[in-house]
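Numbered per my numbering, the sequence shown spans residues 46 to 261. Ideal Cβ positions, reconstructed from N, Cα and C, are used throughout, including at glycine. As the structure is a prediction and not an experimental result, all values here were calculated from the model.
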Amino acid sequence: MSLTIDRLWTGLLDTLLMVGVSSLLALALGLPMAVILVVTGRGDLFPHPLLNRVLGWVVNLFRSIPFLILMVALIPFTRWIVGTTYGVWAAVVPLTLAATPFFARIAEVSLREVDKGLTEAAQAMGFHRWHIVWHVLLPEARPGIVSGFTITLVTMINASAMAGAIGAGGLGDLAYRYGYQRFDMQVMLTVIVVLVALVTVLQFFGDRLSRRLNHR
Numbered sequence: 046m047s048l049t050i051d052r053l054w055t056g057l058l059d060t061l062l063m064v065g066v067s068s069l070l071a072l073a074l075g076l077p078m079a080v081i082l083v084v085t086g087r088g089d090l091f092p093h094p095l096l097n098r099v100l101g102w103v104v105n106l107f108r109s110i111p112f113l114i115l116m117v118a119l120i121p122f123t124r125w126i127v128g129t130t131y132g133v134w135a136a137v138v139p140l141t142l143a144a145t146p147f148f149a150r151i152a153e154v155s156l157r158e159v160d161k162g163l164t165e166a167a168q169a170m171g172f173h174r175w176h177i178v179w180h181v182l183l184p185e186a187r188p189g190i191v192s193g194f195t196i197t198l199v200t201m202i203n204a205s206a207m208a209g210a211i212g213a214g215g216l217g218d219l220a221y222r223y224g225y226q227r228f229d230m231q232v233m234l235t236v237i238v239v240l241v242a243l244v245t246v247l248q249f250f251g252d253r254l255s256r257r258l259n260h261r
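Right under this line is the structure:
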């Protein structure tokens, strides 16, 4: 039993590492992408239709590819980046590339929901366009961005379990090797309970933070 607990603990830490690193990269890359998509549209703060269309096409392209197919297609790129196609760090690459456009679209929706009157008032007061982005758009959209990031985290946990089943480690690897292949339902159920608990905790704190940031 102690070995099972050790494996479970190791699998949980690997999953947290995969999701943690990937989510930070997705946040760092996806939020700027969302801002660019919002401010470069026609009639927006920095109109650039060509850039808007190209970036939108790239985001839609990666969003449309199922994670399992994306992970396999990125094997050469993953090997070039981290030097291996197995293990936790190998999973970070496809997880990041899958989560970034997903989060970018959610953040874009939150940014577009900001009242246009606020940005127009800021422009009338002589605010610089980037000041409007930093001091109006982003602060007003924070509750929606936090909610969207929480949804992204939950999606990444699901994807990390799938990645684990094909060699990335983590809880998915534990469920596949010690549960599915050995027909051990106890291991399978234990992993499911841990995943559900992890998602529930993340959703609870994400929703709570979003409500605290919402001053409307």
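Simplified DSSP state of residue i, which is helix, strand or coil
| i | result |
| --- | --- |
| ARG259 | In the sequence as presented, Arg is not what sits at residue 259; that position holds Asn. Coil, per DSSP. |
| HIS180 | helix |
| PHE107 | helix |
| GLU158 | coil |
| LEU57 | helix |
| ARG253 | helix |
| MET46 | Note that MET46 scores 44 on pLDDT, short of 50, meaning its location in the model is unreliable and no value can be drawn from it. |
| GLY193 | helix |
| TYR131 | coil |
| PRO92 | coil |
| PHE122 | helix |
| PHE170 | Note that residue 170 is Met in the sequence shown, not Phe. Three-state result, MET170: coil. |
| GLY86 | coil |
| PHE228 | coil |
| LEU243 | helix |
When the options are compared against residue i, the one with the closest alpha-carbon
| i | options | result |
| --- | --- | --- |
| ILE120 | ALA136, GLY193 and VAL238 | ALA136 |
| ALA186 | ARG108, ILE151, THR200 and GLY171 | ILE151 |
| SER109 | PHE147, ILE50 and GLY75 | PHE147 |
| LEU254 | ASP89, THR195, VAL244 and SER67 | THR195 |
| ARG98 | GLY128, LEU82 and VAL178 | LEU82 |
| PRO184 | GLY75, VAL80 and LEU58 | VAL80 |
| LEU76 | ASN259, GLU153, LEU95 and ASP59 | GLU153 |
| THR130 | GLN248, ALA166, ALA213 and THR85 | ALA213 |
| LEU57 | LEU163, ARG257, LEU219 and GLY88 | LEU219 |
| PRO188 | ASP252, LEU95 and PRO94 | ASP252 |
| SER192 | PHE172, PHE250 and LEU61 | PHE250 |
Span of the alpha helix (DSSP H) around residue i
| i | result |
| --- | --- |
| LEU219 | 215-219 |
| LEU115 | 112-118 |
Assumed close pair residue i, residue j - CB separation to whole angstroms, cut-off 8 Å
| i | j | result |
| --- | --- | --- |
| MET63 | VAL133 | 5 Å |
| LEU182 | VAL199 | Not really, about 25 Å apart at Cβ, beyond 8 Å. |
| PHE112 | ALA204 | 5 Å |
| VAL104 | ALA149 | 6 Å |
| VAL239 | LEU216 | 6 Å |
| THR123 | ALA71 | Contact flag wrong, Cβ pair sits at about 16 Å. |
| VAL244 | ILE202 | 6 Å |
| LEU115 | LEU90 | Actually they are not in contact, since the Cβ atoms of LEU115 and LEU90 sit about 32 Å apart, beyond 8 Å. |
| THR235 | LEU53 | 6 Å |
Heavy atom of the ligand FAD within 7 Å of residue i beta-carbon
| i | result |
| --- | --- |
| ASP89 | No copy of the ligand FAD occurs in the structure displayed, which carries no ligand at all. |
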